[in-house]
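Everything below concerns the one structure shown next.
2 protein chains.
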Amino acid sequence: MNPLSTHQVDRITRAITPPSEPWRQKARVRLDTLTKPLGSLGRLEDIAAQILAIRQETFAEPIRKGVYVFAADHGITAEGVSAYPREVTSQMVLNFLRKGAAINVLTALHRAELQIVDVGVDADFDTIPGLLHHKVAKGTRNMLHEPAMSDEQLAEAIAVGVEVAEDAVRAGQTMIAIGEMGIGNTTSASAMTCALTGATAAAATGRGTGLNLEAHTRKIDVIEAVGHKHFGRSSRPAPLDILRCVGGLELAAMTGMILAAAEHRLVIVIDGFIATAAAAIAVALAPAVQGYLIAGHQSEEPGHKLLLEHLNLSPVLMLNMRLGEGTGAVLAMPIIESAVALYTQMATFTSAGVSEAS
Amino acid sequence: MNPLSTHQVDRITRAITPPSEPWRQKARVRLDTLTKPLGSLGRLEDIAAQILAIRQETFAEPIRKGVYVFAADHGITAEGVSAYPREVTSQMVLNFLRKGAAINVLTALHRAELQIVDVGVDADFDTIPGLLHHKVAKGTRNMLHEPAMSDEQLAEAIAVGVEVAEDAVRAGQTMIAIGEMGIGNTTSASAMTCALTGATAAAATGRGTGLNLEAHTRKIDVIEAVGHKHFGRSSRPAPLDILRCVGGLELAAMTGMILAAAEHRLVIVIDGFIATAAAAIAVALAPAVQGYLIAGHQSEEPGHKLLLEHLNLSPVLMLNMRLGEGTGAVLAMPIIESAVALYTQMATFTSAGVSEAS
């Protein structure tokens, strides 16, 4: 285990405490005084109580939302595991900066601040403004043959996420969404799912951005071989080993951001399969992180369902999406904001003079 | 059958044509050029294509949203079918006007215009501003003993909905949500579900706003007796007979609004069990209405699932809500707006210089 990454991770995981149960309870009591049948707001009541437990404040000010898209390339693309060529990662980063991608449209519509973080794209972006420049390497190595990252790269990538989270806190953000862009990264997420949950490669592997049947079969074989190479008969590899050997630079940065965001009591909305894989590593390192997570949606990738069950998270949305970029997380934000607004703004039975149930 | 209501309904049903398939196809073609994997926006792509097919325009201007809450009382409350006393209907109308209810919070947050329509509340609201005054009667009759409405009341209530829809069109609204407030109205919705789908009273009856087990059993018995009284062995009662005998004034107005909204090519977001019962009557009268409907959510009421399946509608949200007022429909609006914004604002592969899948 790498002393650099374990040192930083240890410091953060020790600092994370679960959301406040007294605040959650207080929120539940207030929810039952509002002018609606008991429990009739369903999931929104759970979300409101969770957010009060996380934030431990009464939301005099609106939630301030940040969205972070971490981009990186993957050595495993040499094995033909993606329907899109590797250069799409860098092309999509440029599309984000020109505001042409789905995540740009959604963050503009729902008034969230969007940041694109280059943590490992195989392109030179040095002179391009509007991008957070945190490149650790020009992509990972091919994990079919060697660990995706070195110890130092893993530590650096995690540190990127921690730094970005601390900037979000300084900017006054209280709710963040975490998304990604990286051709090949569903292969990492599937390999991570197998290592974390014990699922077979066949169960944890989907068609990513649109593989045909033959390529899908090849992808399953690659993921099985990757797991065998790095973890052999180990039934419980250490979380940081999973991240280093079969993860990715964006996945490591996302893990770092999720850990630091939980430390700072931010509400963390996770997006799809890849973001959830990073969250699962964070929870494996510090179980209290789970209480800070809201699963924005459940994607079409079969491994996502496995990971959500593993994390005991229920998705806010199920819209059969499989796009990434944070899109599913941002779409859930208006629902989450609705829960908080209902909690803070509805009249009570007493204040409104409405009769209660018999 | 009442000549008044059949005449008006016949005129409208003849005027309703299905959404445009060429526009839907055109939308599908454009969706496949946008910078995302094919089909990866899932349900949002279906929604965007449906809305283009309905509106037959390219959305140079944002969607303008109206929310209509129809309120009325129900004679069946004499049978103890609700957890709340009858006067809660009028108390909640006052709560709506003072902006204290859940629907007020949600329409303010999501920037939709809210109108409350008194179509049959058992209270005198004559001097109260901010309410659309369309009272047909002070509630329905007890449908356990006689038809809930007379022919004339049914015709008047439907006409209220038609008038409100035409006002929405004149106000420039392009998407409407339809909700309700009426203590006792899940009993009507359950009786309507049985008559429309052939479901048993036990299968179509839930706990409404929170009945205990004993009261729930009594409610099932009431609904079974109501169905037997009005429809006896008739396996396919006429839709307007169902509405008149076991519906309600707000349900009739909602049916009228849905019919007229479809005629005028508005996007119609339906809320929970009661709104869907009204929509099911509208579809029974004019099958083309189905193409204008988006099911905002699926509520906890078991009959709602039956009706959504009957209408072949898939809910946008599943949040275990059972509040009514239009809340589930308004919560779906940011998702629906997202679909349209993605359709109109995303870059294409060509314009963004992004490589396509192999």
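Chains G and F supply the protein sequences, listed in that same order. The first sequence begins at 24 in my numbering and counts up by one. The second sequence begins at 24 in my numbering and counts up by one. Idealized CB from N, CA, C, for every residue including glycine. In this text, all values refer to a predicted model and were calculated from it rather than measured experimentally.
Close beta carbons around residue i, own chain, < 7 Å, minus the five adjacent residues each side
| i | result |
| --- | --- |
| HIS287(G) | ALA188 and VAL192 |
| GLY9(G) | Because residue 9(G) is not part of the residues shown, which for chain G are 24 to 381, the question remains open. |
| TYR107(F) | ILE206 and THR232 |
| MET277(F) | PHE93, GLY184, ILE201, GLU203, ALA298 and ALA301 |
| ILE281(F) | ILE201, ILE291, ALA301, ALA302, ALA305 and VAL312 |
| PHE372(G) | THR56, THR58 and GLU379 |
Reduced DSSP secondary structure (H/G/I, E/B, other) of residue i
| i | result |
| --- | --- |
| GLY271(F) | coil |
| VAL92(G) | strand |
| VAL377(G) | coil |
| ALA83(F) | coil |
| GLU203(F) | strand |
| HIS251(G) | helix |
| ILE317(G) | strand |
| LEU263(F) | helix |
| THR371(F) | strand |
| GLY221(G) | coil |
| LEU57(G) | strand |
| MET356(G) | helix |
| MET198(G) | strand |
| LEU167(F) | coil |
| LEU336(G) | coil |
| ASP244(F) | helix |
| LEU346(G) | coil |
| ASN235(G) | coil |
| MET24(G) | Summary for MET24(G): the model assigns pLDDT 47, below 50, so the residue's position carries little reliability; its value from the coordinates is reported in the next sentence. In the structure shown, MET24(G) sits in coil (DSSP, three-state: anything other than H, G, I, E or B). |
| ARG193(G) | helix |
| GLU44(F) | helix |
| LEU64(G) | coil |
| TYR366(G) | helix |
| SER322(F) | coil |
| THR36(G) | helix |
Within chain G, partners of residue i - CB distance below 8 Å
| i | result |
| --- | --- |
| HIS133(F) | PRO357 and SER361 |
| PRO108(F) | SER378 and SER381 |
Terminal residues of the alpha helix (DSSP H) in which residue i lies
| i | result |
| --- | --- |
| MET115(F) | 111-120 |
| GLY143(F) | Looking at the DSSP string, GLY143(F) is not in any alpha helix (DSSP H); the run it does join, the beta strand (DSSP E), is 136-143. |
| HIS327(F) | 325-333 |
| THR130(F) | 125-132 |
| PHE296(F) | 296-308 |
Beta-carbon proximity list for residue i, same chain, < 6 Å, skipping 5 on both sides
| i | result |
| --- | --- |
| PRO325(G) | GLY229 |
| MET166(G) | ILE99, VAL249 and VAL269 |
| ALA375(F) | THR58 |
| THR36(F) | LEU308 and ALA309 |
| ALA285(F) | ILE39, VAL312 and TYR315 |
| ARG87(F) | GLY195, GLN196 and THR197 |
Within chain F, the residues that residue i reaches when beta carbons sit closer than 7 Å
| i | result |
| --- | --- |
| ASN343(G) | GLY65 and ARG66 |
| VAL128(G) | ALA364, LEU365, GLN368 and MET369 |
| GLY233(G) | PRO60, LEU61 and ALA380 |
Rounded straight-line distance, which links the Cα of residue j to that of residue i
| i | j | result |
| --- | --- | --- |
| ASP55(F) | GLU68(F) | 10 Å |
| ASP33(F) | PRO170(F) | 22 Å |
| ALA318(F) | GLN368(G) | 26 Å |
| THR163(G) | GLU360(F) | 38 Å |
| GLY351(G) | SER63(F) | 11 Å |
| ALA72(G) | LEU129(F) | 18 Å |
| LEU120(G) | ASP141(G) | 12 Å |
| SER213(G) | ILE246(G) | 7 Å |
| LEU266(F) | LEU219(F) | 10 Å |
| LEU137(F) | ILE126(F) | 8 Å |
| PRO60(G) | LEU346(F) | 7 Å |
Under 7 Å from the C-beta of residue i: neighbouring residues of chain G
| i | result |
| --- | --- |
| GLY376(F) | GLN114 |
| VAL111(F) | VAL377 and SER378 |
| ASN118(F) | THR58, ALA370, ALA375 and VAL377 |
Contact set between residue i and chain G, taken where Cβ atoms lie within less than 9 Å
| i | result |
| --- | --- |
| ASN208(F) | Result: empty, since nearest Cβ-Cβ is about 13 Å, beyond 9 Å. |
| ALA354(F) | The amino acid at residue 354(F) is misidentified as Ala; the sequence shows Leu. Correct list: LEU67, PRO357, ILE358 and SER361. |
Endpoints, the beta strand (DSSP E) within which residue i is located
| i | result |
| --- | --- |
| VAL290(F) | 290-293 |
| LEU155(G) | 154-156 |
Per-residue contacts from residue i into chain F (C-beta, under 8 Å)
| i | result |
| --- | --- |
| ASN335(G) | In chain order: nothing, as chain F lies at least about 17 Å away. |
| GLY123(G) | THR58, MET369, ALA370, SER374 and ALA375 |
| LEU316(G) | Within 8 Å Cβ-Cβ: nothing; LEU316(G) doesn't reach chain F, min ~18 Å. |
9 Å Cβ cut-off: residues of chain F touching residue i
| i | result |
| --- | --- |
| LEU236(G) | Near LEU236(G) there are no residues of chain F at all, since even the closest Cβ is about 15 Å away, more than 9 Å. |
| LEU154(G) | None at all; the shortest Cβ gap to chain F is about 16 Å. |
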